[in-house]
Amino acid sequence: GEDVEQSLFLSVREGDSSVINCTYTDSSSTYLYWYKQEPGAGLQLLTYIFSNMDMKQDQRLTVLLNKKDKHLSLRIADTQTGDSAIYFCAELLYGQNFVFGPGTRLSVLP
Amino acid sequence: EAGVTQFPSHSVIEKGQTVTLRCDPISGHDNLYWYRRVMGKEIKFLLHFVKESKQDESGMPNNRFLAERTGGTYSTLKVQPAELEDSGVYFCASSQEVGWEQFFGPGTRLTVL
């Protein structure tokens, strides 16, 4: 079956880099996504990567994809307190609905 | 442009009662999705509407859940009767086309006592 796994918690100091890791199982996924959920808010699309790419960079965000190992990571450079949130890794299954990971709660310490 | 909205934001009901959640997608989005996150676990897909038709309802947990999208605009998700394990956050999302970005609403937090 489809399963997306993430570590549940990550703490970093303000200014450091954060790396959130994710593993997925469906090799047919064409897109992989990172969503952010701030307290009381909905899911906000942060970035996505097409499966034929290894890396995508967008300002402070870097997504790395290792398709052989089915491993996806999100690196946030110069992490700020405003980055504290839950980050969900997701794969788009059969091009239709998402399969989400359990979410990684990122805490940014001053 | 308004995003996806959901009502209510919170609902607290007793076991055995009925609750109806509402989702208003982004105007013009034919695709509407329901997801839920129970007990801090992963967000799970429930079902997908294309306009008023159910395209995929494979994620619906049981027949206590009924989703409708009459007229192809807003959608409702009714839980009847509610059970304790139904507690969680119910998200709605919409997209213009299948496979395109899904825009999520803020979710409805349901607590069943």
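Quick note, the sequences are listed as chains L and V, same order. Here the first sequence stands for residues 30 to 139, numbered as in the numbering used here. Here the second sequence stands for residues -17 to 95, numbered as in the numbering used here. Yeah, the Cβ is synthetic: ideal placement off N, Cα and C, and Gly gets one too.
Bridge partners - residue i, DSSP secondary structure assignment
i	result
residue 2 of chain V	V:60
residue -5 of chain V	V:94
residue 85 of chain L	L:92
residue 34 of chain L	L:52
residue 75 of chain L	The partner list for residue 75 of chain L (beta bridge, DSSP) is empty, contrary to what the question assumes.
Residues near residue i by beta carbon distance below 7 Å, same chain, minus five either side
i	result
residue 114 of chain L	65, 66, 67, 135
residue -3 of chain V	64, 65, 66, 94, 95
residue 37 of chain V	30, 31
residue -10 of chain V	90
residue 87 of chain L	76
residue 96 of chain L	80
Where residue i meets chain V, residues with beta-carbon distance less than 9 Å
i	result
residue 127 of chain L	15, 17, 25, 27, 75, 84
residue 121 of chain L	81, 84
Residue i beta carbon near the ligand GTP (any heavy atom closer than 6 Å)
i	result
residue 72 of chain L	This structure lacks the ligand GTP; in fact it carries no ligand of any kind.
Contact set for residue i: own chain, Cβ-Cβ below 6 Å, skip 5 residues either direction
i	result
residue 71 of chain V	19, 89, 91
residue 115 of chain V	Lying before the first or after the last residue shown, residue 115 of chain V is absent from chain V, which here runs from -17 to 95.
residue 73 of chain L	65
residue 50 of chain L	102
residue 132 of chain L	115, 117
Classification of residue i by the beta-carbon crowding that lies within 10 angstroms, buried from 16 upward
i	result
residue 120 of chain L	buried
residue 42 of chain L	exposed
residue 0 of chain V	exposed
residue 82 of chain V	exposed
residue 76 of chain V	buried
residue 48 of chain V	exposed
residue 71 of chain L	buried
residue 44 of chain L	exposed
residue 94 of chain L	buried
Chain L residues whose Cβ lies nearer than 8 Å to that of residue i
i	result
residue 38 of chain V	125, 126
residue 43 of chain V	Chain L residues near residue 43 of chain V: none, gap ~15 Å exceeds 8 Å.
residue 88 of chain V	69, 70, 71
residue 30 of chain V	125, 126
8 Å Cβ cut-off: residues of chain V touching residue i
i	result
residue 33 of chain L	24
residue 139 of chain L	The contacting residues do not exist; residue 139 of chain L stays about 26 Å from chain V at best.
Beta-carbon contacts of residue i that lie in its chain and below 8 Å, excluding the five residues immediately before and after
i	result
residue 99 of chain L	52, 53, 54, 56
residue 11 of chain V	76, 77, 78, 85
residue 52 of chain V	34
Under 7 Å by beta carbon: chain V residues contacting residue i
i	result
residue 117 of chain L	25
residue 74 of chain L	83
residue 130 of chain L	24
**Item:** Those runs of the beta strand (DSSP E) which lie wholly inside the stretch 95 to 128 of chain L and span at least 3 residues
**Value:** 100 to 105, 114 to 122
**Item:** beta strand (DSSP E) segments (min. 3 residues) lying fully within the stretch 5 to 88 of chain V
**Value:** 13 to 20, 25 to 32, 35 to 38, 47 to 50, 57 to 61, 70 to 77
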